[in-house]
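Participant: Structure provided below as C-alpha cells; questions to follow.
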Ligand SMILES: [Zn+2]
Ligand SMILES: [Zn+2]
C-alpha cells in the first residue's frame, strides 16, 4: 500500500521516530507533511470471561490501578462495578 502526499503529490513513507512510527512525505524537508497514526492509548484489557453481576451486560476485565490489578466492568464508566482479584486458585 502506498499513499500519496496530499500536499505535494510525493510518496508517503513510514519513518520511525522517538514517539513511534509515523508517516511522512518523502520530499521532507521541502514538504513537511506528516500523518500521525491513531494508535490506541493503551493495550486492550485482559478478559476474564466473567459477566458483570451489576449490569448483566458487561464483561469483567482486568485493569490495573494505583493499588494493583482489579476486575472492572467493561461498561465503565456506565457501570462502575469493580471487584478485588481473589487468589483462590492456589494449589497446595
Ligand atoms: Zn509532500
Ligand atoms: Zn457492569
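In this note's numbering, the protein residues as written are 56 to 147. Just so it is clear, CB atoms sit at the ideal spot from N, CA and C, and this is done for glycine as well. All figures in this text were calculated on a predicted structure; none of them were measured in a lab.
#1: Once the 5 residues before and after residue 102 are set aside, which same chain residues still bring their CB inside 7 Å of it?
#2: Looking at the secondary structure, which residues open and close the beta strand (DSSP E) in which residue 85 lies?
#3: Can you grab the Cα-Cα spacing for the pair residue 129 / residue 140, in whole Å?
#4: Roughly how many angstroms separate the alpha carbons of residue 126 and residue 98, rounded to a whole number?
#5: Following a CB-centred definition, is residue 113 positioned closer than 7 Å to any heavy atom of ligand 2?
Facilitator: On the basis of the supplied data:
#1: Here the set comprises 114, 116.
#2: Looking at the DSSP string, residue 85 is not in any beta strand (DSSP E), and its letter there is neither H nor E.
#3: The alpha-carbon atoms of residue 129 and residue 140 are separated by roughly 16 Å.
#4: Between residue 126 and residue 98, the C-alpha separation is close to 16 Å.
#5: It does: the Cβ of residue 113 is within 7 Å (strictly closer) of some heavy atom of ligand 2.
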